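I have placed the structure first, in the form of structure tokens, so that the comments after it can refer back to it.
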Amino acid sequence: MIANFYKYYATGSLAIMSLFCLGIVSCSSHKKIISSANPGVSNSEARRNNEALQKQRHDAIANYPTYTTLQYIDKFKTIAIQEMNLYGIPASITLAQGLFESGNGNGELARVANNHFGIKCTSDWKGKSYYKDDDQVNDCFRVYDRAEDSFRDHSEFLKRKRYARLFELDKNDYIGWANGLKDAGYATNPKYPQLLIGVIQKYNLDQYDRPEGTVQKIKREDRVLTQINQNIGKAIKDSLVNATPTDKTYTIKQGDTLYSISKRFGLTVDELKALNNMADNTIKIGQKLVVAK
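Using this note's numbering, the first residue of the sequence shown is number 191, and each one after it goes up by one.
See below:
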């Protein structure tokens with residue numbers, strides 16, 4: 191959606207970090223996931239890939255610092271503010287999620303792959319990969335040249351139709367964002383908003399959020415919502431997307447509904463009906479539906 195119950199007790203940190211298994215693309219009991227773009231990778235292939243990456247990045251990994259919570263915040267607050275000013279995602283929300291997903295920046299993915307939000311590979315990913323057991327054995331995670339690239343990809347991830355209405359909130363409304371992420375299906379943990387809000391308030395992360403004037407807000411909304419609309423119909427829609435079948439069709443099975451199929455492939459019901467020239471919601475077992483353009 192990343193992290194598996196980070197337990198980090200360094201100076202300035204809290205044992206609270208061990209309570210979370212939250213993330214953009216991980217922990218299936220709590221999160222909806224983007225499926226790996228490379229299913230079925232063997233253990234030997236994954237090992238060779240990871241060893242090559244670790245060798246290539248040996249010096250950076252060896253010199254990677256250990257962060258306390260406060261050090262992580264100080265290191266990445268400027269990046270979070272930059273992303274907030276570009277897209278309207280409160281810096282406090284970005285920092286809180288980064289703390290959760292990366293274990294204060296000390297998790298394996300952050301150290302080896304500069305991946306602070308556990309974003310997995312998708313069919314359109316052209317960069318390097320790192321394999322790690324998560325929802326599946328040898329799940330494929332994105333590798334970034336810099337931590338900043340991971341923060342930018344986090345912002346891009348949220349620019350999906352599912353989260354569009356969140357960008358209409360004030361960019362210092364972290365409570366609205368925390369609740370909105372849960373309502374939009376970002377996390378299945380019912381306490382997710384309270385967990386985010388608790389960490390934000392514990393560390394006063396809202397001090398990095400900035401209000402905006404009416405004109406500024408309108409301009410930002412127009413820009414970001416236009417980008418979101420342009421993303422609709424692309425291969426990777428949102429956090430529930432399954433890998434698109436090679437023939438771009440799906441055969442209806444017992445228990446399927448248009449709604450469940452649309453969510454399986456990151457479509458709305460109307461988009462699914464339009465792809466198949468359907469006048470109503472009637473479907474039958476064995477029927478093939480087009481699920482991608």
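All residues carry an ideal CB built from backbone N, CA and C; glycine is no exception.
As the structure is a prediction and not an experimental result, all values here were calculated from the model.
- Cβ contact annotation for Asp335 (same chain, cutoff 8 Å, sequence separation greater than five): Asn304, in chain order.
- By the criterion of a C-beta distance shorter than 8 Å, Glu273 is surrounded in its chain by Ile279, Ala281, Thr284, Phe341, Arg342, His344, Ser345, once the five residues flanking it on both sides are discounted.
- The Cβ atoms of Asn421 and Lys349 sit closer than 8 Å to each other.
- Of the other Cβ atoms in all chains shown, fewer than 16 fall within 10 Å of the Cβ of Ser234; this residue is therefore exposed.
- About 21 Å separates the Cβ atoms of Phe290 and Cys311, ruling out a contact at the 8 Å cut-off.
- Contact check for Glu298 against Lys322 passes: the beta carbons are separated by less than 8 Å.
- With respect to the 8 Å criterion, Ile365 and Ile387 are classified as neighbours on the basis of their beta carbons.
- Within its own chain, the residues whose Cβ lies closer than 8 Å to the Cβ of Asp329, once the five positions on either side in sequence are excluded, are Ser226, Lys310, Tyr321, Lys322, Asp323, listed in chain order.
- Per DSSP, reduced to three states, the secondary structure at Val480 is strand.
- The C-beta of Lys372 has 16 or more other C-beta atoms within 10 Å across all chains shown, which makes the residue buried.
- In the structure shown, the three-state DSSP call for Thr416 is helix.
- The secondary-structure analysis by DSSP pairs Cys330 across a beta bridge with Tyr321.
- In this model, Val327 and Gln406 are separated by some 45 Å (Cα to Cα).
- Sequence-distant Cβ neighbours of Asn239 in its own chain, meaning closer than 7 Å and more than five residues away, are Ser319, Tyr321.
- Restricting attention to beta strand (DSSP E) runs no shorter than 3 residues, the region 252 to 306 encloses none.
- Annotation: Trp315 to Val333 spans about 10 Å, alpha carbon to alpha carbon.
- Annotation: Tyr364 is outside any beta strand (DSSP E); the continuous alpha helix (DSSP H) that includes it extends over 364 to 373.
- The criterion of a C-beta distance shorter than 8 Å is satisfied by Tyr353 and Ala374.
- Thr447 has no beta-bridge partner at all, per DSSP.
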